[in-house]
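Written below as C-alpha cells is the structure these notes are about.
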Amino acid sequence: MTVAAPALRASCSDALRGAPGEGVSHSPAIVIGNELPSDGAARDALLDRAMGPRWRRKSSEKLRRGRLPAEGLALVARDDAGAVVGTVRLWEVTAGEGGPAALLLGPLAVDPVLRSAGVGSELMRHAIAEAKRLGHGAILLVGDAPYYARFGFSADKTSRLAMPGPYEPHRFLALELIDGALAGTSGVLRANGRKSRKEKVELAA
Ligand SMILES: CC(C)(COP(=O)(O)OP(=O)(O)OC[C@H]1O[C@@H](n2cnc3c(N)ncnc32)[C@H](O)[C@@H]1OP(=O)(O)O)[C@@H](O)C(=O)NCCC(=O)NCCS
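The sequence shown maps to residues 59 to 263 in the working numbering.
Printed below as a string of C-alpha cells:
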C-alpha cells in the first residue's frame with residue numbers, strides 16, 4: 059500500500075462530494091461505492107483477515123444467513139488499484155414482535171494495513187447517509203460503543219430489544235434515522251430481508 063495513513067486520513071475527513079451510492083471518491087486513492095457481485099470473495103477474505111473466523115459465528119450472522127443485504131446498502135472501500143480494503147453491509151430486520159422495520163449493520167471491517175486512516179468512518183458515514191436517503195427508520199448493530207458513539211449510536215433504544223443469540227447488551231446499539239422509529243419496540247430481532255438465490259434454490263428443492 060503506497061498511501062501513507064496520515065494523507066488518507068486528511069482526504070477521508072473531507073465531506074462527501076457526490077450523491078451516496080454513486081461511487082464517491084474521497085481521495086486520489088480510496089473510493090466508497092456499492093459492492094459488486096464479483097467482490098464477494100475479496101470481501102470475505104478481508105473479513106477473515108480483519109476479524110478472523112469469529113465474524114461467521116456472531117449472533118448477527120443468524121439474521122444475515124441466507125439473506126441478501128438491503129438494496130443499495132452493501133458498500134465497499136476500494137484502493138487505487140480497485141482492491142476491496144473496507145466493507146460494510148446492512149440487513150433488513152424486524153425490530154421485535156410486530157415491530158417496525160429496521161436495518162442491522164455489520165460486519166464493518168477495514169484492511170489492517172489501512173487502520174485508523176478514516177476508512178471505517180467514511181464507510182459508516184456513507185452507510186448512514188444512504189440508509190437515511192432510502193427512507194429507513196433505524197440502524198441496529200452489535201459493536202464497540204466507544205467506536206460507534208461518534209456516529210450517534212447508543213444502547214438507549216435497545217434495552218427492550220434482543221438479538222437472536224448470545225450478545226453483550228451494552229454492545230447492542232441503535233441509531234434512529236427517523237425520530238421515534240424504535241419507540242416502544244420490544245422483542246427479538248427477526249430477519250426480514252430478501253432471500254439469497256442459494257436459499258431460494260434450497261427452498262425450491
Ligand atoms: C473497527 C474498524 C472498522 C475501524 O476502522 P478504521 O478505518 O480503522 O477506523 P477509523 O480510521 O475511522 O477510526 C479510527 C479511530 O477509531 C478508534 N477505534 C477503532 N476501533 C475501535 C474500537 N473497537 N473501539 C473504540 N475505538 C476504536 C481508533 O482508535 C481511532 O481513534 P482516533 O481517531 O482517536 O485515533 C477497524 O479497526 C476494523 O476493521 N476492526 C476489525 C473488525 C472489527 O472489529 N469490526 C467491528 C468493530 S466493533
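All C-beta atoms, glycine included, are put in the ideal place defined by N, C-alpha and C.
Bear in mind that the values here come from a model prediction, so they are computed numbers and not experimental data.
Given this structure, state the Cα-to-Cα distance separating Asp97 from Arg147, to the nearest angstrom.
The residue you call residue 97 lines up with position 39 of the sequence shown. The residue you call residue 147 lines up with position 89 of the sequence shown. The alpha-carbon atoms of Asp97 and Arg147 are separated by roughly 13 Å.
The beta strand (DSSP E) enclosing Ile90, as first and last residue numbers
The residue given as residue 90 occupies position 32 in the sequence shown. For Ile90, the enclosing beta strand (DSSP E) starts and ends at Val89 to Asn92.
For Glu150, list the residues DSSP reports as bridge partners.
The residue you call residue 150 lines up with position 92 of the sequence shown. Paired residue(s): Leu161.
Strand pairing of Lys253, partner residues [DSSP]
For the purposes of this step, residue 253 is taken as residue 195 along the sequence shown, with counting starting at 1. According to DSSP, Lys253 bridges with Arg125.
Rounding to the nearest angstrom, what Cα-Cα distance links Glu129 and Ala189 in this structure?
As a first step, residue 129 must be located in the sequence shown, where it is residue number 71. As a first step, residue 189 must be located in the sequence shown, where it is residue number 131. Taking the CA atoms as reference points, Glu129 sits about 10 Å from Ala189.
With a threshold of 6 Å (Cβ to nearest heavy atom), would Val168 be considered close to ligand 1?
Here residue 168 refers to the residue found at position 110 of the sequence shown. At least one heavy atom of ligand 1 is nearer than 6 Å to the Cβ of Val168, so yes.
On the three-state DSSP scale, how would you describe Phe230?
Here residue 230 refers to the residue found at position 172 when the sequence shown is read from its first residue. Reduced to three states, the DSSP call for Phe230 is strand.
If you draw a straight line from the alpha carbon of Arg101 to that of Val142, how long is it in whole angstroms?
As a first step, residue 101 must be located in the sequence shown, where it is residue number 43. As a first step, residue 142 must be located in the sequence shown, where it is residue number 84. Arg101 and Val142: Cα-Cα distance of roughly 7 Å.
Can you tell me where the alpha helix (DSSP H) with Leu105 in it begins and where it stops?
The sequence position of residue 105 within the sequence shown is 47, counting from 1. From DSSP, the alpha helix (DSSP H) with Leu105 extends over Gly98 to Met109.
Could you tell me if the beta carbon of Val177 falls within a distance shorter than 6 Å of some heavy atom in ligand 1?
By 1-based counting over the sequence shown, the position of residue 177 is 119. Checking every heavy atom of ligand 1 against the Cβ of Val177, one is found closer than 6 Å.
Would you tell me roughly how many angstroms separate the C-alpha atoms of Arg115 and Arg123, rounded to the nearest one?
Numbered from 1 along the sequence shown, position 57 holds the residue referred to as residue 115. Numbered from 1 along the sequence shown, position 65 holds the residue referred to as residue 123. Rounded to whole angstroms, Arg115 to Arg123 spans 11 Å at the Cα level.
Would His228 and Ala213 qualify as a contact pair, given that the criterion is a beta-carbon distance under 7 Å?
Numbered from its first residue, the sequence shown carries residue 228 at position 170. Numbered from its first residue, the sequence shown carries residue 213 at position 155. Yes.
Indicate whether Gly144 and Val168 have their beta-carbon atoms separated by less than 7 Å.
Within the sequence shown, numbered from 1, the residue matching residue 144 stands at position 86. Within the sequence shown, numbered from 1, the residue matching residue 168 stands at position 110. A Cβ-Cβ contact shorter than 7 Å links Gly144 with Val168.
Can you tell me the Cβ-Cβ gap for Glu155 and Gly245, rounded? I've got them flagged as a contact below 8 Å.
Position 97 of the sequence shown, counted from the first residue, corresponds to residue 155. Position 187 of the sequence shown, counted from the first residue, corresponds to residue 245. Right, their Cβ atoms sit about 4 Å apart.
Would you mind stating whether Ser117 and Gly223 have Cβ atoms separated by less than 7 Å?
One-based indexing of the sequence shown puts residue 117 at position 59. One-based indexing of the sequence shown puts residue 223 at position 165. Contact flag set, yes.
What would DSSP say about Ile186, mapped onto helix, strand or coil?
Residue numbering aside, residue 186 sits at position 128 when the sequence shown is read from its first letter. Three-state DSSP puts Ile186 in a helix.
On the three-state DSSP scale, how would you describe Arg136?
Mapped onto the sequence shown, residue 136 falls at position 78. Arg136 falls in the strand class under three-state DSSP.
According to DSSP, which residues form a beta bridge with Leu198?
Residue 198 sits at position 140 when you count from the first residue of the sequence shown. Looking at the DSSP assignment, Leu198 forms a beta bridge with Leu162 and Ala232.
Have a look at Arg125, Ala153 and Leu126 and flag the residue whose alpha-carbon is nearest the alpha-carbon of Met221.
By one-based count along the sequence shown, residue 221 stands at place 163. The residue with the shortest Cα to Cα distance from Met221 is Ala153.
Between which two residues does the alpha helix (DSSP H) containing Pro204 stretch?
Looking up residue 204 in the sequence shown gives position 146. For Pro204, the enclosing alpha helix (DSSP H) begins and ends at Ala203 to Tyr206.
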